[in-house]
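**Student:**
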Amino acid sequence: MNNSLPPGALQGVKVLDLSRILGGPFCGQILGDHGADVLKVEPPQGDDTRTWGPPFRDGVASYYFGLNRNKRLQFLDLSAPDGQQRVRELMAEADVVLENFKVGTMEKWGIGYEQMREQLPQLIWCRVTGFGADGPLGSLPGYDAAIQAMAGILSINGEADGDPLRVGLPVVDMVTGLNATIGVLLALHERGRSSRGQLVDASLYDSGLSLLHPHAANWFMGRKIPQRSGNAHPNIYPYDVLSTGGAPIFLAVGNDRQFRLLCSHVGREALAQDERFATAGQRSVHRSELKPLLQQAFAALDGAKLADELMAIGVPAAPVLDVAQALAHPHTAHREMVVEMGEYRGLGAPVKLSR
Numbered sequence: 444m445n446n447s448l449p450p451g452a453l454q455g456v457k458v459l460d461l462s463r464i465l466g467g468p469f470c471g472q473i474l475g476d477h478g479a480d481v482l483k484v485e486p487p488q489g490d491d492t493r494t495w496g497p498p499f500r501d502g503v504a505s506y507y508f509g510l511n512r513n514k515r516l517q518f519l520d521l522s523a524p525d526g527q528q529r530v531r532e533l534m535a536e537a538d539v540v541l542e543n544f545k546v547g548t549m550e551k552w553g554i555g556y557e558q559m560r561e562q563l564p565q566l567i568w569c570r571v572t573g574f575g576a577d578g579p580l581g582s583l584p585g586y587d588a589a590i591q592a593m594a595g596i597l598s599i600n601g602e603a604d605g606d607p608l609r610v611g612l613p614v615v616d617m618v619t620g621l622n623a624t625i626g627v628l629l630a631l632h633e634r635g636r637s638s639r640g641q642l643v644d645a646s647l648y649d650s651g652l653s654l655l656h657p658h659a660a661n662w663f664m665g666r667k668i669p670q671r672s673g674n675a676h677p678n679i680y681p682y683d684v685l686s687t688g689g690a691p692i693f694l695a696v697g698n699d700r701q702f703r704l705l706c707s708h709v710g711r712e713a714l715a716q717d718e719r720f721a722t723a724g725q726r727s728v729h730r731s732e733l734k735p736l737l738q739q740a741f742a743a744l745d746g747a748k749l750a751d752e753l754m755a756i757g758v759p760a761a762p763v764l765d766v767a768q769a770l771a772h773p774h775t776a777h778r779e780m781v782v783e784m785g786e787y788r789g790l791g792a793p794v795k796l797s798r
């Protein structure tokens, strides 16, 4: 799916993308978005995500299209000798290899990292795995939701009196793809000094654990097991969804000045003077008392209008939009976060360079 963008910062970098599903392909797409020449190699039956629909276009799922733009495509059976020979040739031409096979699979085929680095010492090899190659869980398969469960993410997501909930998007897979991208860029930069490639190791497990701020920091210092708190922030308040006379809004008040501005705007100046709510720490402790008082103040107000007014005076707030509303927002278009190339329509690149 080669929907070419203008040349970018990575022009001249050749990437061989042998990965499947999400983390590796997302990394490859980011590199391609910024000018790398990415060749995606799929098995004869194609990447599994081609079938992850509906919706479909020409028999291919939207899920696949969302991760594989700006790539050339070749089908190879890497379990067959001719496929292995061809991929060796492609590796010899590449700067970067991306793969997320089960640990040991490529070694069995004679095209693993340890085997190829002797022949191609300049090659940067990015391996995306569930748990890494060794250790108590090394080489075991990992999928996003299972890693969310093992990394503690489910335990802190959901209502306080409800069940643990999976985050409603593949956050671990996508962050692993981002981490893999960072690793590849670091390795490319280092190769400019040493002329040597290296292994970039990106695992879903590590990425899932890395997302635990501030819960891990709270645990390390306070030794109190973090609990689910719904939409509310564990450390600051009001940082939560609140009801209004119309649609709900999300308030993200991060300091005392913002809280005073909020209270003044809705005619509740006394709340900012109340010792229970005057400082961030006190508001966090007394959140169960503060929330209904704020919702009472908002009861006669239109949520969307209130959010706009608060943002205008420097109080972070937002309407709660659905996906269609978010993608249709004028600022989404202004930021070029929806791109169209021929029949393809998808999310734009969130990192913009000035030249």
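Residue numbers (this note's numbering): 444 to 798.
Ideal placement from N, C-alpha and C gives every residue a C-beta, glycine not left out.
A quick note: this is a predicted structure, and the numbers were derived from the prediction, not measured.
(1) What's the C-alpha gap between Pro-552 and Leu-521?
(2) Distance, Cα to Cα, Asn-622 vs Val-709?
(3) For Thr-619 and Gly-466, which I take to be in contact (beta-carbon distance under 8 Å), what is that distance rounded to the nearest angstrom?
(4) Looking at the strands, I want to know which residues DSSP matches up with Phe-518.
(5) Under the three-state reduction of DSSP, which class applies to Tyr-556: helix, strand or coil?
(6) Pick helix, strand or coil for Phe-469, following the three-state DSSP scheme.
(7) Do you know offhand how far Phe-469's Cα is from Arg-531's?
(8) For the alpha helix (DSSP H) containing Ala-660, name the first residue and the last one.
(9) Decide if the stretch 643–652 is in contact with the stretch 579–596; the criterion is three or more beta carbon pairs, one per stretch, under 8 Å apart.
(10) Using CA atoms only, rank isn't needed, just tell me which of Leu-642, Leu-631, Leu-563 and Leu-654 is closest to Met-617.
(11) Would you tell me roughly how many angstroms separate the C-alpha atoms of Leu-642 and Val-627, rounded to the nearest one?
(12) Assuming Ala-760 is part of the alpha helix (DSSP H), what are its boundary residues?
(13) For Arg-639, count neighbouring C-beta atoms within 10 Å of its own C-beta (all shown protein chains included) and say buried if the count is 16 or more, exposed if not.
(14) Within this structure, are the beta carbons of Arg-671 and Gly-601 separated by less than 8 Å?
(15) So Arg-570 is in the beta strand (DSSP E); what residue range does that whole segment cover?
**Tutor:** Well, looking at it:
(1) Looking at the sequence provided, one finds Trp at residue 552 rather than Pro. Rounded to the nearest angstrom, the two C-alpha atoms are 7 Å apart.
(2) 42 Å
(3) 4 Å
(4) Glu-485
(5) helix
(6) helix
(7) 23 Å
(8) 658–665
(9) yes
(10) Leu-654
(11) 9 Å
(12) First-last for Ala-760: 760–762, but that is the beta strand (DSSP E), not the alpha helix (DSSP H).
(13) exposed
(14) yes
(15) 567–572
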